[in-house]
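Residue numbers (the numbering used here): 4 to 211. A short worksheet on the structure shown next.
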């Protein structure tokens, strides 16, 4: 069906209790290439009620819908962040630990980007500064935000909540109430401009 209908977009929701979900997402994204998935993980106050709807109530794996090429879609992404100055290339790393950025110790580059005030008190960085990984294939400058897991001042290392590879682009970003509102307005303004000459029949907003 994917090949016959040139499907390149899937709107999916996954059950976080199912440890197969990451592999299923990766496999489906590969089948849609070039294309991508949007959606998120289901959640509930009681883990016994994380149900999804796929024709009927269901649980586990993924549920959702694939859209054929006959359904035009425009998407946007907001991470609630404002990127800091400077975009860098990972030149040395070990899984989620960044050793060098642009051929320099990663922590030195990080300190320069966040400024002298935060550099003097790194405890203020948690929950305020994040790592931004540009989305491959995005033509709108979208990026994924990942937590900073820790820093190693002795060895100049920075660890983030995702795997990195040499050659990968990265930039740091800050997040607070103001930046979250500003980034949401930016995304909506961009969508409005891109759809100025089109008739919109519906919209979905995923928060994950």
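Even glycine gets a Cβ: it sits at the ideal position worked out from N, Cα and C. Every value quoted in this text rests on a predicted model; they were computed, and no experiment measured them.
| task | Could you tell me the boundaries of the alpha helix (DSSP H) in which residue 115 lies? | result | 109-117
| query | Under 9 Å, do residue 2 and residue 154 count as touching if we go by C-beta distance? | reply | For the chain, the structure presents residues 4 to 211; residue 2 sits outside this window and is missing.
| message | With DSSP as the reference, identify every bridge partner of residue 83, one or two as the case may be. | response | Its beta-bridge partners do not exist; DSSP assigns none.
| query | How many angstroms separate the CA atom of residue 18 from the CA atom of residue 126? | reply | Distance between the alpha carbons of residue 18 and residue 126: 34 Å.
| message | Does the contact criterion of 3 or more C-beta pairs under 8 Å hold for the segment 76-91 versus the segment 188-199? | response | yes
| message | Quick check: the Cα distance between residue 20 and residue 47, rounded to an integer number of angstroms? | response | When only Cα atoms are considered, residue 20 and residue 47 end up about 12 Å apart.
| message | With H, G and I counted as helix, E and B as strand and the rest as coil, what does DSSP make of residue 103? | response | strand
| field | Closest by C-alpha distance to residue 72, when choosing among 40, 7, 15 | value | Nearest option by C-alpha distance: 7.
| message | In the DSSP assignment, the alpha helix (DSSP H) including residue 33 goes from what residue to what residue? | response | 24-35
| task | Kindly indicate which three-state DSSP category residue 182 falls into: helix, strand or coil? | result | helix
| request: Can you tell me which of the three DSSP states residue 126 falls into? | output: helix
| Is residue 206 buried or exposed, if buried means 16 or more other CB atoms sit within 10 Å of its CB? | exposed
| message | Helix, strand or coil, according to DSSP, for residue 188 in the structure here? | response | helix
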